[in-house]
Amino acid sequence: MVSEMVSMDSSLMQALGTIQASVDKAIANGIHMTEAMTESIVIDQMLIALGYDLWDYQKQGVAEGIGTIPDYTVLPKTPQQWFLEVKKWHLPLTEKEASQTVNYAHNQGNRWAVLTNGDEWRIYDAHSQQPLAEKCIFTVKALSSTDAFEFFSLLTKQAMIEDHLAKSIRERSITNIIQAELTNINSPTIKYLRKVVDSYNGPVILIHPLRY
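Shown next as structure tokens:
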């Protein structure tokens, strides 16, 4: 299992570089990156790098119906089904497109919706009761950014099957709650800790600052 994870990490890192190089080459040669080219050069290659096989996703042309159906349905007809809407390379992502994709996922009873122009990627939580902007839980601005690997690690086939997104959101929420509690001198947590300290009769422990 460990060796498989290392292999997956290595493949993903390599894929990010390869996809970016392909885009750079196309642009350098004066090729206009249409939505179809964004799908073939970026999205299809990214899904393969994330561990999905060809039968693990459907494109809109294959899915039943037209219009508001997102461009990709990933892990179709499974509890882990999620949706991916694609715009052409570097086309600004709009609230309208995000709303359509998120609402579609919500109406299908699925939680995750992704919107991308190939370079910027956003993950939305369709089950969130927050306004649309706050439904966007993770974002990466460029394939070449330092956060890209961590971002796409959350979208691998294995991660989606094991619902790492939900776990990551919960961990982040717990961290935020703890930070808020500890920075509020009147919080119940601080009051409780004061009582624990006041009632402590053990030896005094001196904590020295770390030295580097």
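Going by this note's numbering, the sequence shown opens with residue 1, and the numbers climb by one from there.
For each residue, glycine too, the CB sits at the ideal point set by N, CA and C.
#### Entry: From Thr116, Trp55, Leu165, residue whose alpha carbon lies closest to that of Leu84
Taking the sequence shown and counting its residues from 1, the one referred to as residue 84 is at position 84. The candidate whose alpha carbon is nearest that of Leu84 is Thr116.
### Task
Quick one: residues in its chain with C-beta nearer than 8 Å to the C-beta of Ala26, no 5 flanking neighbours on either side, listed in chain order?
As a first step, residue 26 must be located in the sequence shown, where it is residue number 26. For Ala26, where only same-chain residues beyond five positions count, the Cβ hits under 8 Å are Met33, Met37, Ile41.
### Query
From what residue to what residue does the alpha helix (DSSP H) around Glu35 run?
Here residue 35 is taken as the residue at index 35 of the sequence shown, counted from 1. Element bounds for Glu35: 35 to 38.
### Task
May I have the straight-line CA-CA distance separating Ala142 from Asp119, to the nearest angstrom?
Position 142 of the sequence shown, counted from the first residue, corresponds to residue 142. Position 119 of the sequence shown, counted from the first residue, corresponds to residue 119. Approximately 5 Å between the Cα atoms of the pair.
### Message
Let me check one thing: in DSSP terms, what residues is Gln58 bridge-paired to?
### Response
One-based indexing of the sequence shown puts residue 58 at position 58. Paired residues: Thr73.
#### Entry: Where Glu39 falls, given that 16 or more other Cβ within 10 Å makes a residue buried
As a working mapping, residue 39 is identified with position 39 in the sequence shown. That one is buried.
### Query
What is the rounded straight-line gap between the Cα of Pro131 and the Cα of Thr68?
As a first step, residue 131 is located in the sequence shown; it is residue number 131 there, counting from the start. As a first step, residue 68 is located in the sequence shown; it is residue number 68 there, counting from the start. Using only the alpha carbons, I get a separation of about 20 Å.
### Query
Would DSSP call Ile19 helix, strand or coil?
Your numbering for residue 19 matches position 19 in the sequence shown. Ile19: helix per DSSP, three-state reduction.
### Query
Exposed or buried, Ile43, counting other C-beta atoms within 10 Å across all chains shown (16 or more means buried)?
For the purposes of this step, residue 43 is taken as the residue at position 43 of the sequence shown. Label assigned to Ile43: buried.
### Query
By Cβ distance, which residues of its chain are closer than 6 Å to Asp147, with the 5 residues on each side in sequence left out?
For the purposes of this step, residue 147 is taken as the residue at position 147 of the sequence shown. These residues qualify, in order along the chain: Val140.
### Query
So Asp125 is in the beta strand (DSSP E); what residue range does that whole segment cover?
Here residue 125 corresponds to residue number 125 of the sequence shown, with the count starting at 1. Residues 121 to 125.
### Beta-carbon spacing of Arg111, Ala126 below 8 Å
What you label residue 111 is simply residue 111 of the sequence shown in a count that begins at 1. What you label residue 126 is simply residue 126 of the sequence shown in a count that begins at 1. Their beta carbons are under 8 Å apart, which means Arg111 touches Ala126 by this criterion.
### Task
Report the option in Ile31, Gln20, Leu75, Glu134 whose CA atom is closest to the CA atom of Leu155.
Counting from one through the sequence shown, the residue named residue 155 turns up at place 155. The candidate whose alpha carbon is nearest that of Leu155 is Leu75.
### Query
Excluding five sequence neighbours on each side, which residues of the same chain lie with their C-beta closer than 7 Å to the C-beta of Gln100?
Taking the sequence shown and counting its residues from 1, the one referred to as residue 100 is at position 100. Contacts found: Thr68.
#### Entry: Val114 to Ser22 span [Cα, whole Å]
For the purposes of this step, residue 114 is taken as the residue at position 114 of the sequence shown. For the purposes of this step, residue 22 is taken as the residue at position 22 of the sequence shown. Going by the C-alpha atoms only, they are around 22 Å apart.
### Query
Between which two residues does the beta strand (DSSP E) harbouring Ala113 extend?
For the purposes of this step, residue 113 is taken as residue 113 along the sequence shown, with counting starting at 1. First-last of the beta strand (DSSP E) with Ala113: 112 to 116.
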